[in-house]
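Structure below.
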């Protein structure tokens, strides 16, 4: 019998600690499939964040270097500059990347650091109890916005892909969603494109992934996946926001 689906080699044989329906498990597998197919396992270093995916090093079977909250891009920059032949990626949530790490993210992108960022946007602080995140939708209820986010008081959600795309150092940015099998296939192509961008020395690349958080959204897994596709994509439209073909770095 022909084997057509199996655990990626770069995904450890460990049970995920994530809640049922959480998008992290899907994103982990997709990244690992790309690493395997591009034969990058022995030349990749990942930077996991604080937050729900803080234990990502228990799942990715590649070298990992933990960073302080929000400092993923800074740590990745140091590793990539010291070892330019290594593929370096950060795996960050919205609080990590768009909250405390806003400055590090923007300046790494603006400098054109030749790193790749996997950005998980689930519109809420997942690990710490479901507080409002920089990406929380207006009207969305969280533990710190129990009546719904009010733009007059809490401001509007940050659209990081749109913010970073105009920067000169950015080579590739795409937003995808974990809301359907077709969306997951598009996610895999985007992650592969982002890694290839780094291999080609084109500059900063990021894949923003709209991801469900059933527990903090107070939904079933099925409801949360539907909500990603029907509600989140209205505020965070899917698509390629930048794709520059010319390399910005010398080989």
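Residue numbers (my numbering): 1 to 251. Think of the CB as a built atom: it goes at the ideal place given N, C-alpha and C, for glycine as much as any other residue.
#1: Which class does residue 106 belong to by DSSP, given the choice of helix, strand or coil?
#2: Between the beta-carbon of residue 171 and the beta-carbon of residue 204, is there less than 9 Å?
#3: Taking Cβ to Cβ, would you say residue 63 is nearer than 9 Å to residue 78?
#4: Could you spell out the range, first to last residue, of the alpha helix (DSSP H) harbouring residue 222?
#5: Where does residue 16 fall in DSSP's three states?
#6: With H, G and I counted as helix, E and B as strand and the rest as coil, what does DSSP make of residue 57?
#7: Given that a residue counts as buried once 16 or more other Cβ atoms are within 10 Å of its Cβ, and exposed if not, what is residue 80?
#8: Tell me which same chain residues have a C-beta within less than 6 Å of the C-beta of residue 174, skipping the five on either side of it?
#9: Based on the DSSP output, what are the partners of residue 121 in its beta bridges?
#10: In the DSSP assignment, find the unbroken beta strand (DSSP E) run with residue 90 in it and report its ends.
#11: Whole-angstrom Cβ separation of residue 90 and residue 117, contact assumed at under 8 Å?
#12: Can you find at least 3 beta carbon pairs, one from the stretch 89-104 and one from the stretch 68-77, that sit closer than 8 Å?
#13: Confirm, please, whether the CB-CB distance from residue 159 to residue 238 is below 9 Å.
#14: For residue 211 versus residue 23, is the C-beta distance shorter than 9 Å?
#15: Which of helix, strand or coil does DSSP assign to residue 64?
Looking at the coordinates:
#1: helix
#2: yes
#3: No; because the gap between Cβ atoms is not below 9 Å, this pair is not in contact.
#4: 221-227
#5: coil
#6: helix
#7: buried
#8: 190, 207, 240
#9: 210
#10: 87-93
#11: 5 Å
#12: The stretch 89-104 is in contact with the stretch 68-77.
#13: No, Cβ-Cβ distance for residue 238 and residue 159 is not below 9 Å.
#14: yes
#15: strand
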